[in-house]
Every structure is written in C-alpha cells, then in structure tokens.
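Q:
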Amino acid sequence: MFVDVLGLAAVGLVAGVVSTVVSLASVVSYPALLAFGLPPLAANVTNTVALLFTGLGAAAGSRPELAGQRTVVGRLGLAAALGGAAGAGLLLVTPARTFEMAAPWLVGGASLLLLLRPPRAGQASLGGESGLALRAAVFCVAVYTGYFGAAGGIIMFAVLAAALDRSPARVNAVKNLVGALANAVAAVWFALFGPVDWAAVGPLAAGFLLGGWVGPAIARRLPGDSLRLAAAICGLAVAVKLGVDAYRSG
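Residue numbers (the numbering used here): 621 to 870.
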C-alpha cells in the first residue's frame, strides 16, 4: 500500500510537469492508473479529478506569464467550463468509442497546426482573443477534454496559439488555466456521479500539484519556439499511438 502511494505520487509529479510543459499529463497518468489495477472508466474519471491539482499548481507557478491576462482567461474560462461540463455529462451516459476513433485525428491535426503554422507577431486567427469563434473553439475542445481528454491540452494549445498574439510561454499559461477550468467542472460531475477511486486521488493529486507548480518554471526557460515544437512533436507521437490502438481494436 505504501509503495502504491509513493508510486502514484511519483506518477503525478511527472505527469504534472509534462502537463504544464507539453500538455500530455493523461498520457502518463492514465496508463499508470490502469497499471495500478483501475478499470478504464474509473481510471479516466479518477485522473480527471486529480488533474484539478495540476491546474492549481500551474496557476501558482505561472504568475509571471499570467500577468495582464485576467480578462482573456475569464472570457475563455467560461467557455471551457461549459464545455467541460458537457463533455463529462456525455461520458457518463454514452460510450467513448466515437471519441476514441476521432482522437488521433484531432490530436494529429492540432499538432500539425503547431508544427506548420507558428504564430506570428501581430497575426491571429479565429477572430483574435475577443472573437466568438475562439470561444466556440475553446468550448469544443473542452467538450473533448471532459469526455475523452487524451492530449486535449495539445489541441487547446494549438487553438490558443492560433488566436492569441503572445509568446508560447504566455499562451501555455493561459492554456493551463483554461484547461484547469474545464477539468474542474468535469471533476465535479465525476465526483458526484462517477466511479472515482478516492484512495488513488490523494497521492496522485499531491504529485500533480507539485508537478504543476514546477512545470511553468521549466517552460519559461525553454528557448524560442522550442515549447511549441516540443508540444507538436509529442502530440504527433501520441496521435500515432492513439490511432494504432483505436483502429486495431476496431
């Protein structure tokens, strides 16, 4: 039991850092929960509840990058919260097969967007940070995050990078906070109605909290566009893995 607690905390630490730097927490933590013996649905909802603490850690660790971004975080956070609630509700009443089949294409497309279309100063798509199109896109990504979630941070980062005229580190900070809001609302749904393994949540959440706090310090030290490129390359690798798993089992 003590070994399991330490193992889950270590997984949370690594996943929290990975989440805030290259947006792939669940790629680390979800398989680990399966390895610890949780069924797939329980692992999914337990992971989402624990991910709340990555957001808390990231918010504390990203204060320099979040300076002056309260308005955009608030505007996009509402869309993300609504999307997270919708996605969580869908997960509890429908099978995940549709999203499993779509996930490789969503993650791969977002990764290619990051890789092939780096944001340029003074240029923004989706109507810019105050555009309705951006809020609609954030809502849709949050639905995906609440429902299935694999590499949802990559998709959110790609959407925000296309619309916000900011450095990758500042876009990443917004992504961390907006994604945390989507996770938070989904987590409430799962806590009330899902098969959450609360014994696993504690140590995993502790690791997420520390990893989320440390991650932004690493991200801000990455040179130039390396954060964007790292997220894109990792995302493409995950898309291939998700595609192989989804279509081979289909």
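Glycine included, every Cβ here is placed at the ideal spot set by N, Cα and C.
Please state whether DSSP places residue 685 in a helix, a strand or coil.
A: Helix, per DSSP.
Q: Out of 865, 661, 643, state which residue places its alpha-carbon closest to the alpha-carbon of residue 773.
A: Considering only alpha carbons, the answer is 643.
Q: Could you pull out every residue in the same chain whose Cβ sits closer than 7 Å to the Cβ of residue 669, ignoring the five residues on either side in sequence?
A: Here the set comprises 807, 810, 811, 816, 821.
Q: Which same chain residues, not among the five before or five after residue 801, have their C-beta less than 6 Å away from its C-beta?
A: So the list reads 697, 700, 701, once near-sequence residues are dropped.
Q: For a minimum of 4 consecutive residues, which ranges assigned as the alpha helix (DSSP H) are wholly contained in the region 710 to 738?
A: Counting whole runs of 4 or more residues, the region 710 to 738 contains the alpha helix (DSSP H) stretches 717 to 736.
Q: Rounded to the nearest angstrom, what separates residue 741 and residue 757 at their Cα positions?
A: Reliability fails at residue 741, whose pLDDT of 47 lies under 50, so the model's placement of it is uncertain and no value is given.
Q: My output table needs one value for residue 742: the three-state DSSP class, helix, strand or coil.
A: For residue 742, the predicted structure reports a pLDDT of 46, less than 50, and the residue's modelled location is therefore unreliable. The matter cannot be settled from this model.
Q: Note down the Cα distance separating residue 749 from residue 679, rounded to an integer number of angstroms.
A: Spanning the two alpha carbons is a distance of roughly 20 Å.
Q: From residue 863 to residue 645, what distance separates their C-alpha atoms?
A: The alpha-carbon atoms of residue 863 and residue 645 are separated by roughly 18 Å.
Q: When the Cα of residue 789 is compared with those of 860, 855, 835, which residue comes out closest?
A: Closest option to residue 789, Cα to Cα, is 835.
Q: Helix, strand or coil for residue 814? Go by DSSP, reduced to three states.
A: Of the three classes helix, strand and coil, the one that applies to residue 814 here is coil, per DSSP.
Q: If you measure from the beta carbon of residue 845 to each beta carbon in chain E, is any gap under 8 Å?
A: Checking the listed chains, one finds no chain E in this structure; it contains a single protein chain.
Q: Measure from the alpha carbon of residue 841 to the alpha carbon of each residue in 761, 632, 641, then state which is nearest.
A: Considering only alpha carbons, the answer is 641.
Q: With a cut-off of 8 Å, do at least 3 Cβ pairs link the region 847 to 866 to the region 722 to 739?
A: Because the criterion of three Cβ pairs below 8 Å is met, the region 847 to 866 and the region 722 to 739 touch.
Q: Which whole-angstrom value describes the C-beta separation of residue 636 and residue 831, a residue pair presumed to lie in contact below a C-beta threshold of 8 Å?
A: Yes, they are in contact, since the Cβ atoms of residue 636 and residue 831 sit about 2 Å apart, within 8 Å.
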